[in-house]
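**Q** Structure incoming, see below.
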Amino acid sequence: MSCYRDVMGSPFKIGFLGAGRMASALAGGFLRAGLTTPDLLIASDVFEPARAAFSKTLNARVTPANLDVVEASEILILAVKPDQIVNLLAEISPALRPSHLIISIAAGVTLARMEAVTPPETRL
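Every letter in the sequence shown is one number past the one before it in the working numbering, and letter 104, counting from 1, is 306.
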């Protein structure tokens, strides 16, 4: 049986929109699983201490600018509070490409709400 890495290819360019504890935990797991490398990880956060902790813990790039993450990534993980998802998606929607895969870890935010503010070809 093939390993998922043989089928999917790796490593992935993964970007986190939000660099808090959940983002750090997921990124650490992705690194341990060999899905990505620190130089292919990037995260944004408005809170400087969150960016600093993410960078220090994972040796990854950080930025205060969400659009920098979109530009540098293939997979985007929305790791912000549920009440911030719609505004975040509205901000980044003009920069989204059909090749982006967007994954949200925000509880209670429906696909319909996210689809309403993203281009039709967006993979959510």
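All residues carry an ideal CB built from backbone N, CA and C; glycine is no exception.
Does DSSP put Ala245 in a helix, a strand or coil?
**A** Correct three-state label for Ala245: strand.
**Q** With DSSP run on the structure shown, which of helix, strand or coil describes Thr312?
**A** Thr312 falls in the coil class under three-state DSSP.
**Q** Using 10 angstroms around the beta-carbon of Asn268, count the other beta-carbons present and answer buried if the total reaches 16, otherwise exposed.
**A** That one is buried.
**Q** Round the Cβ separation of Asp247 and Ala221 to the nearest angstrom and send it over; I've been treating them as touching at under 8 angstroms.
**A** Contact flag correct, Cβ pair sits at about 4 angstroms.
**Q** Just to confirm my understanding: we take Pro300, look at its own chain, exclude 5 residues before and 5 after, and list those with CB closer than 7 angstroms. What are they?
**A** Result list for Pro300: Glu323, in chain order.
**Q** Is Ile244 closer than 9 angstroms to Val271 when the C-beta atoms are compared?
**A** In this structure, Ile244 lies closer than 9 angstroms to Val271 by Cβ.
**Q** Across which residues does DSSP place Arg263 in a beta bridge pair?
**A** Paired residues: Ile244.
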